[in-house]
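Participant: Sharing a structure here in structure tokens format.
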Amino acid sequence: MSHPSPLRIFLKTIVARAYPRFVGSYRNRTWIVTETLLPLIGTIAMIYVYRALHAPARYLGFVVLGGVLLAFWQNVIWAMATQFFWDRGQGNLELFAMAPTSLAAILLGMALGGAYLSLTRAVTVLIVVSVLFGVGYTAAGILPALGVFVLTICALYCLGMLLASLFLFYHREAWHLADAMQEPIYFLSGFYFPIRSLGAFVGGVGSLIPLTLGLDAIRQLILPGTPQFIPLAWEILAVIGQIVLYAVLSQVSLRYLERRARQDARLILRST
Amino acid sequence: MIAAIAQWRGFKAATWLGWEISSNWTRPLMFVIYSVLRPISAAFILVVMYRVISGRAAGSTAYLAFLVSGVAFWSFVQYGFAGLSNGMAEDRGEYRMLKYVYTSPVDFYVYLFGRGLAQLASAVASALILLVVATITLGLPIDPLRVNYPLLLVASFLALLAVIGMAMAYGFLQLQAVDAHGYGELGASVLYVISGAIFPIGVLPGILATIASLSPLVYWMELIRRTLLGSHAIRMFPTMSDADVLLRLVVTTVATLILAHLVFSWADRRARRRGLIDMESNW
């Protein structure tokens, strides 16, 4: 009897883990509503803050783009970083560990499916808010911005894979930690304002999160007048560097923490 | 008397249970730290947004105080509303104990009230820490010796009743769904937009502004700012006296409680008829 090659198993695992997320993106109506409306309402609230301050129109664009990437960040936190934590609580993680495949392939599948799922929500936020509030973008910058967007999402999900292994070491605090990675990250990444406003130090710390530089680069490309944090080319290079860095770190961390988790019997620990 | 003691015991147990579940049995200090991080960051997002637009012009602290006080006290709604309404779905779906509570001698309202109050501790800590940090770092015009505490406490008590009432009704409505994951947060974020917490409701389009003016949360926010900031407060209702705003808060709170009771009773009857209280759901 012939066995499938490791590469085939790896690729089939990615597809298998991504599949429920592709299907889930339109099957569970409850999640469609919450995943779309939560970033949408948050974005609208921030737009009204700027309106109350009589801010120039481009600031509304800052908020809209922040809201678009917010959908991805929420997916990375709640469906990537914490996913192994939930899986462990439901008893799936031990099955993953026993299966003849790698956790890396499972994470890649989650990332692929999660990115697709978030994209459907993000596009809704972009269209609805832009139309509702008459936000315009520079047409010439849209294609390059899409390129930067793809790079940013790749870096972001690599960070998500890294966080997924780290969350394996959290017990009951995991939920609160994930909660605490919302507004503090929106602040550090400049979701609703130009990152330059935070200054070099805080902005530099925030730049460890791929969204920060990616969002700033996208804004520079399609919203003229965006205060520049660092030159666009450097931002793109930094995001590419983050893809490599977080991808490597996530694999190293996953192997190390998986081994530790096996030693400490954390793969089967229930803490939800 | 014995019945009252039984209800009191039930209330205490519900409050303790609510605290343990919402903190997920973590250490209280860790839970409070995590709970405070979110509102502090939310406030600083607004501060930076304001600074980006208005710079450090004279009089800017008054608007910053408007933003910070709104975010600080919003924790009560966030924890009370989303926490309690999600809690009912969790009690049914995740912990599978809602049916036992429902059939126990403790009045269901008393149980839910206790469950909701449990969130209060983290909300109080969060609001206090945020106000202290913001007052010191941003130089907000909040003088602890000049705060109108009686009015602040009365307004907050009324608002808390309204929030818990709304959360109970909304939570019971959520039981109609098999999967209501995230609906608590969704409800809270809708209230966020129409509560005047981070911008005056006059900015909202006509219909939304009218709906907002029927909510007790708007008058609560107004009274919070007046009691904390005195003459420095930016007012959403400049022509109204404190007494007028309080009266509106009382009227809208009573109306909200009546409406919440009607919705709760309807949803309760429907849930019994359809067997929703012990339905397998979510998790």
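For the record, the sequence lines run as chains V and D.
Here the working numbering is used: the first residue of the first sequence is 41, the next is one more, and so on.
Here the working numbering is used: the first residue of the second sequence is 3, the next is one more, and so on.
The beta-carbon is built from N, C-alpha and C at its ideal position, and this holds for glycine as well.
Say whether chain B places a C-beta atom closer than 7 Å to the C-beta of L272 (chain V).
Facilitator: Absent here is chain B; the protein component of the structure consists of chains V and D.
Participant: Going by other Cβ atoms of all chains shown within 10 Å of its Cβ, with 16 needed for buried, is S267 (chain D) buried or exposed?
Facilitator: Label assigned to S267 (chain D): exposed.
Participant: If I follow the unbroken alpha helix (DSSP H) through D127 (chain V), where does it start and stop?
Facilitator: Segment 123-130, the alpha helix (DSSP H) holding D127 (chain V).
Participant: Going along the chain, which residues of its own chain have a beta-carbon closer than 7 Å to the beta-carbon of I200 (chain D), five neighbours each way excluded?
Facilitator: Only L48, L69, G72, V73 meet the Cβ criterion.
Participant: Within 8 Å, do at least three Cβ pairs link the stretch 190-198 of chain D to the stretch 74-84 of chain V?
Facilitator: With the cut-off at 8 Å, the stretch 74-84 of chain V and the stretch 190-198 of chain D touch.
Participant: Specify, as a first and last residue, the run of the alpha helix (DSSP H) that A278 (chain V) falls within.
Facilitator: Looking at the DSSP string, the run of the alpha helix (DSSP H) that includes A278 (chain V) is 272-303.
Participant: Find the residues of chain D that neighbour P234 (chain V), judging by a C-beta separation of less than 8 Å, and give them in chain order.
Facilitator: Those are V54, listed as they occur along chain D.
Participant: In angstroms with no decimal places, state the Cα-to-Cα distance between Y177 (chain V) and W274 (chain V).
Facilitator: About 22 Å.
Participant: Return the first residue and the last residue of the alpha helix (DSSP H) that W268 (chain D) is part of.
Facilitator: 244-276 is the extent of the alpha helix (DSSP H) around W268 (chain D).
Participant: For Y88 (chain V), return the contacting residues in chain D, with the cut-off set at a CB-CB distance below 9 Å.
Facilitator: Ordered by position in chain D, the residues that pass the 9 Å Cβ test against Y88 (chain V) are V195, I200, F201, V205, L206.
Participant: Could you run through the stretch 68-89 of chain V and flag, in chain order, every residue whose CB is less than 8 Å away from some CB of chain D?
Facilitator: Listed by position along the chain: N68, T70, W71, V73, T74, E75, L77, L78, I81, G82, I84, A85, M86, Y88, V89.
Participant: From G277 (chain D) to D109 (chain D), what distance separates their C-alpha atoms?
Facilitator: Roughly 19 Å separates the two Cα atoms.
Participant: Which residues of chain D have a Cβ atom closer than 9 Å to the Cβ of D219 (chain V), listed in chain order?
Facilitator: Going along chain D in sequence order, the residues near D219 (chain V) (Cβ under 9 Å) are Y36, S37, L39, R40.
Participant: Just checking: is the beta-carbon of L263 (chain V) within a distance shorter than 7 Å of some beta-carbon in chain D?
Facilitator: Taking Cβ atoms only, chain D never reaches closer than 7 Å to L263 (chain V), which makes this a no.
Participant: For T76 (chain V), which residues from the same chain have a beta carbon less than 6 Å from its beta carbon, with the 5 sequence-adjacent residues on both sides left out?
Facilitator: Within the same chain, T76 (chain V) has close Cβ partners R161, T164.
Participant: Please list, in chain order, all residues of the same chain as K101 (chain D) whose beta carbon is under 6 Å from its beta carbon, the five residues on each side excluded.
Facilitator: Once the five neighbours on either side are set aside, the close Cβ partners of K101 (chain D) are I279, D280.
Participant: Using a cut-off of 8 Å between C-beta atoms, extract the partners of A179 (chain D) located in chain V.
Facilitator: The contacting residues are T70.
Participant: For chain V, find out if any of its Cβ atoms is closer than 7 Å to the Cβ of T28 (chain D); answer yes or no.
Facilitator: Chain V contact via Cβ: present.
Participant: Out of D:D181, D:W18, D:A16, D:A235, which has the shortest C-alpha to C-alpha gap to E282 (chain D)?
Facilitator: Out of D:D181, D:W18, D:A16, D:A235, D:D181 has the C-alpha closest to the C-alpha of E282 (chain D).
Participant: Considering R227 (chain D), what are the terminal residues of the alpha helix (DSSP H) in which it resides?
Facilitator: It spans 218-231 - the alpha helix (DSSP H) in which R227 (chain D) sits, taken as one unbroken run.
Participant: When the Cα atoms are used, what is the spatial distance from Y151 (chain D) to A120 (chain D)?
Facilitator: Roughly 22 Å between the two C-alpha positions.
Participant: At 4 residues or longer, what runs of the alpha helix (DSSP H) sit wholly inside the stretch 35-63 of chain D?
Facilitator: Correct list: empty.
Participant: Return the residue from the list V:I283, V:Y59, V:L297 that minimises the CA-CA distance to Y210 (chain V).
Facilitator: Measuring from the Cα of Y210 (chain V), the nearest candidate turns out to be V:L297.
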